[in-house]
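Chemist: In order, the protein sequence lines correspond to chains R and G.
Anchor point for the first sequence: position 26 equals 96 in our numbering, and the numbering is continuous, going up by one each time.
Anchor point for the second sequence: position 275 equals 345 in our numbering, and the numbering is continuous, going up by one each time.
Every residue, glycine too, gets a C-beta built ideally from N, C-alpha and C.
All values reported here derive from a predicted model rather than from experimental measurement.
Protein chains: 2
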Amino acid sequence: MTAPTEGFWGDDPSRLLRVDEGFVLAEVDTDSRPGFDGDKRSSESALAEGAAILSKLQEMFFAGSTAGDTRSVLLVLQAMDTAGKGGIVRHVVGAVDPQGIAHYAFKAPTKEELEHDFLWRIRKRIPGAGKIGVFDRSHYEDVLIARVRELAAPDVIDKRYGTINDFEQELVDNGTTIVKVMLHISAEEQKARLAERLDRADKNWKYNPGDVDERLLWPAYQDAYQLVFDRTSTTAAPWHVVPADSKWYARLAVQHLLIDTLQRFGLAWPPADFDVEAEKMRLAAS
Amino acid sequence: MTAPTEGFWGDDPSRLLRVDEGFVLAEVDTDSRPGFDGDKRSSESALAEGAAILSKLQEMFFAGSTAGDTRSVLLVLQAMDTAGKGGIVRHVVGAVDPQGIAHYAFKAPTKEELEHDFLWRIRKRIPGAGKIGVFDRSHYEDVLIARVRELAAPDVIDKRYGTINDFEQELVDNGTTIVKVMLHISAEEQKARLAERLDRADKNWKYNPGDVDERLLWPAYQDAYQLVFDRTSTTAAPWHVVPADSKWYARLAVQHLLIDTLQRFGLAWPPADFDVEAEKMRLAAS
C-alpha cells in the first residue's frame, strides 16, 4: 500500500472507501469523512495542495504517452442527482491541464445508441494513451435506472453485470486503470440541495421536475446500487463509495483516488529519443 | 465598444489586437503589451480576477443553452512552435469548468482525413450550443504549413482562403462566434524556448527535432501568416495577433477576448420553465 503523498490524510482513503466483500451501502454514514481529520476550513488548503500534486503527476503521465506509454485512466462517476458529480469535474478534474482530460457526460441514450449494444456508445469514449477519461454517468446507468425503471427485461439486465465485468477486464488488460466512484448522499441532503435549486434564481436552471420523480424511487435506487457493488466491484476494477454530504470531503477523496492511481504507475520524465547535444548545435546554428 | 470589465486594462485589447485593413505582421512588436500597464507581478492577480469573471460568464452561457440558447464560441489558436498555445489552454481555458469546454488539438491529417475535403475533420469538432470550443491548430494549417511545405498545388491552396471565409461565415450565421488568435513571438524568443526544452530533462519530451526544421523556414511562415491575415480577417471572423514574448501578457489578452465575447452576448440566468412553487410543494412532500 502506497502512503498518500498529500500530508493531510490520517489514513489512506483509497483503502477505506473501497468496496470489498460484505460491503453494505445502507451502513455507510454519508456525513462521515474517512481518513481526514480536518474540517471544511482546512480542506481548502488541502485541496490546493493535492491539486498541485495531481497536476504534476498528470503532466508526467501525459509526457510518458508521447514516448510510448500506452496506459490511460478512466474515472467513472455515478451518483444520485445533486450528489456533486459536477463539482468533482469542476474542482478536482478542472485543476489539471484540459489537454490531458477526456470528459464525457452520458445522457439518456439516443435512438441510434439504443439500436446498438449498451456498451457501444461507451467504447467510443474510452480514453487514449496518457489521458484521464472522466465519465459523468456511464454504462452503469444500464443497470441502475434501467433496473429501477424497468427499461429492459429482467434477464437482459441480469446479464449486463457479467458483460460489464468482462468489458472492464478487457480495458484493464489493455492498460486502462478504472477508478469507479459512487458519491453517496443522504435523502435529506438531496432534499436540501434540490430546495436550494428552487430557491435561487441562478440555480433554477439546474433543477428538473424529473429529479423529484427519481427521488421518489430512492429505496429502489439504493438497492440497485447495492447490486452493482455486489456484482461489479472486482479486483480488476473495484468500486469506491465516497460519503458526499460534505462536498469538500468528496472532492478531496476523489482527488486522492486519482493521485494514488498515478503514483502507482511509477512515472518518470521520458528520456530524450534524440541526440540532445546534436540538437543544441542545430538550434544554435538556426 | 464595451469597456473591459476587468479593471486592469488601460485600453481595450480586443480593439488593439484586431487585424484590420493594412495590418503588417512584421511591424508588430512581439515584446509589447498593448492595453496593459502592469508588469509580470501584477499580471498574476489580474489573471485570477479575469478567471473569476470568465468562469462566471461561462456558467451563465452554459446555463442558457439548457434553456434553448444555441450560440457557441470557437477559439482558434495558431502560432509558431513554443509560442504558448498549450499555456493558453492550461491557464486561461483551464480556469473554467471542463464541462463547458470542447478542446481539440489538430495534428498532421490522417490518411482518412486526407481522403476528404480539408474542412471535413474540422466540421466534426465544431462546438455545440453553450460550449466554448478550443482548436489547438485548425483549418489554417491547410494554408500555413501546406503553403510553406507545398503540400498541395498552389491553385488548390489559393482557393482555400475563400473556402475558409465561406465556412466561417456559415458558422457565424449559425450562432458560433469565432475568436481567431495568432500568438506572435520573435525568432529569438523561440530559440530561447527551444534551448530550454533541450536543457531541462523535464522538458525534453516537448522537444521534437522537426521543430528546428520548421524554424529554418521562419520567413516563409511569417509570409504565410501575413497572407492569412490579408485574406481571412473578415468582419464576421476577424483575427487577433497577440504579442506573446511575455507569456503572461498573452494569457491575459486571450482571457480578455473570451470575456469580451461572452459579455457581448448579454447573458442572463434562464428563468425556470416549470412552476417553482408547485415544485417546492412536490419536493417538500417527497
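#1: Verify the CB distance criterion: does R321 of chain R have a CB-CB separation below 9 Å to chain A?
#2: Note down, in chain order, all residues in the segment 166-192 of chain R with a beta-carbon under 9 Å from any beta-carbon belonging to chain G.
#3: Identify, in the order they occur along the chain, each residue of the same chain with its Cβ nearer than 6 Å to the Cβ of I329 of chain R, setting aside the five sequence neighbours on each side.
#4: Between the segment 251-273 of chain R and chain G, which residues of the former have CB atoms less than 7 Å from a CB of the latter, in chain order?
#5: Can you have a look at P313 of chain G and say buried or exposed, based on whether 16 or more other CB atoms are within 10 angstroms of its CB?
#6: Using the beta-carbon of each residue, which ones in chain R are nearer than 8 Å to W318 of chain G?
#7: Output yes if chain R places a C-beta closer than 9 Å to the C-beta of G164 of chain G; else output no.
#8: When you compare each of R:A199, R:E259, R:V204 to A133 of chain R by their alpha carbons, which one comes out closest?
#9: Which bits of chain G does F344 of chain R rub up against, with CB to CB less than 7 Å?
#10: Report the residue from R:L95, R:R195, R:E76, R:T140 whose alpha carbon sits nearest the alpha carbon of D243 of chain R.
#11: CA-CA distance, S112 of chain G and E266 of chain G?
#12: With a cut-off of 8 Å, do at least 3 Cβ pairs link the segment 325-339 of chain G to the segment 106-120 of chain G?
#13: Okay, do the segment 267-282 of chain G and the segment 339-352 of chain R touch, 3+ Cβ pairs below 8 Å being the bar?
#14: For A22 of chain R, does the count of other Cβ atoms within 10 angstroms reach 16, so buried, or fall short, so exposed?
#15: Would you call the segment 181-190 of chain R in contact with the segment 182-200 of chain G, where contact means no fewer than 3 C-beta pairs closer than 8 Å?
#16: Tell me the rounded alpha-carbon separation between N376 of chain R and A355 of chain G.
#17: What separation, rounded to the nearest whole angstrom, lies between the Cα atoms of D90 of chain G and W309 of chain G?
#18: Report the neighbours of L286 of chain R on chain G: residues whose CB is nearer than 7 Å to its CB, in chain order.
#19: Could you give the distance in angstroms between the alpha-carbon of R193 of chain G and the alpha-carbon of P197 of chain R?
#20: Report yes if the CB atom of Y231 of chain R is closer than 9 Å to the CB atom of V159 of chain R, and no otherwise.
#21: Starting from K350 of chain G, find everything on chain R with Cβ-Cβ shorter than 9 Å and list it in chain order.
#22: If I'm right that G170 of chain R touches K126 of chain R with Cβ under 8 Å, what's the distance once you round it to whole angstroms?
#23: From the DSSP output, in three-state form, read off Q148 of chain R for me.
#24: Taking L353 of chain R as the query, report the chain G residues whose CB atoms sit under 7 Å from its CB, ordered along the chain.
#25: How many angstroms separate the CA atom of V143 of chain R from the CA atom of P83 of chain R?
#26: Using a cut-off of 8 Å between C-beta atoms, extract the partners of R160 of chain R located in chain G.
#27: If we cut at 9 Å on Cβ distances, does D151 of chain R have a partner in chain G?
#28: For the alpha helix (DSSP H) that G120 of chain R lies in, which residues bound it at each end?
#29: Can you check DSSP and say which residues form a bridge with I248 of chain G?
#30: For a contact meaning CB atoms closer than 8 Å, what does A290 of chain G contact in chain R?
#31: How would you label M150 of chain G, buried or exposed, when you count the other beta carbons within 10 angstroms and need 16 or more for buried?
#32: Taking C-beta to C-beta, are G164 of chain G and V166 of chain R nearer than 9 Å?
#33: The alpha helix (DSSP H) with Y231 of chain R in it runs from where to where?
#34: Name the DSSP beta bridge partners of I215 of chain G, please?
#35: Which of the three DSSP states is assigned to G198 of chain R in this structure?
Modeler: Concretely, from the data shown:
#1: Included in the structure are the protein chains R and G, with no chain A among them.
#2: Listed by position along the chain: V166, D167, P168, Q169, I171, H173, A175.
#3: I123, L124, listed in sequence order.
#4: Listed in sequence order: K261, L264, A265, L268, A271, D272.
#5: Burial call: buried.
#6: Ordered by position in chain R, no residue passes the 8 Å Cβ test against W318 of chain G, which lies about 18 Å from the chain.
#7: Yes, contact with chain R.
#8: Distance check between A133 of chain R and each of R:A199, R:E259, R:V204 places R:A199 closest, using alpha-carbon atoms only.
#9: The answer, in chain order, is P279.
#10: For the residues R:L95, R:R195, R:E76, R:T140, the minimum Cα distance to D243 of chain R belongs to R:T140.
#11: Using only the alpha carbons, I get a separation of about 25 Å.
#12: Enough Cβ pairs lie closer than 8 Å, so yes.
#13: They touch, by the three-pair rule.
#14: Nothing in the structure corresponds to residue 22 of chain R, since chain R is present only between 71 and 356.
#15: Contact check between the segment 181-190 of chain R and the segment 182-200 of chain G: fewer than three CB pairs, one atom from each, fall below 8 Å, which does not count as touching.
#16: Given a span of 71 to 356 for chain R in the structure shown, any question on residue 376 of chain R remains unanswerable.
#17: When rounded, the separation of the alpha-carbon atoms in D90 of chain G and W309 of chain G is 8 Å.
#18: Think of a sphere of 7 Å around the beta carbon of L286 of chain R: the chain G residues whose beta carbon falls inside it are S356, in chain order.
#19: Distance between the alpha carbons of R193 of chain G and P197 of chain R: 22 Å.
#20: No, these two residues do not count as a Cβ contact at 9 Å.
#21: What K350 of chain G touches in chain R: A265, L268, D269.
#22: Contact annotation, G170 of chain R with K126 of chain R: C-beta distance approximately 12 Å; criterion of less than 8 Å not satisfied.
#23: In this structure, Q148 of chain R counts as strand in the three-state DSSP scheme.
#24: What L353 of chain R touches in chain G: K261, L264, A265, L268, V282.
#25: Here the alpha carbon of V143 of chain R sits roughly 19 Å from the alpha carbon of P83 of chain R.
#26: Annotation: Cβ neighbours of R160 of chain R in chain G (cutoff 8 Å, chain order): D167, P168, Q169.
#27: Taking Cβ atoms only, chain G never reaches closer than 9 Å to D151 of chain R, which makes this a no.
#28: 110-136 is the span of the alpha helix (DSSP H), which, as asked, contains G120 of chain R.
#29: In the DSSP output, where bridge partners are listed per residue, I248 of chain G has G:L144.
#30: In chain R, no part has a C-beta under 8 Å from the C-beta of A290 of chain G; the shortest such distance is about 14 Å.
#31: Around the C-beta of M150 of chain G, 16 or more other C-beta atoms lie within 10 Å, and the residue is accordingly described as buried.
#32: Between G164 of chain G and V166 of chain R, the gap from beta carbon to beta carbon is short of 9 Å.
#33: Start and end: 224-243.
#34: DSSP output for I215 of chain G lists no bridge partner at all.
#35: Looking at G198 of chain R - three-state DSSP - the assignment turns out to be coil, as it is neither helix nor strand.
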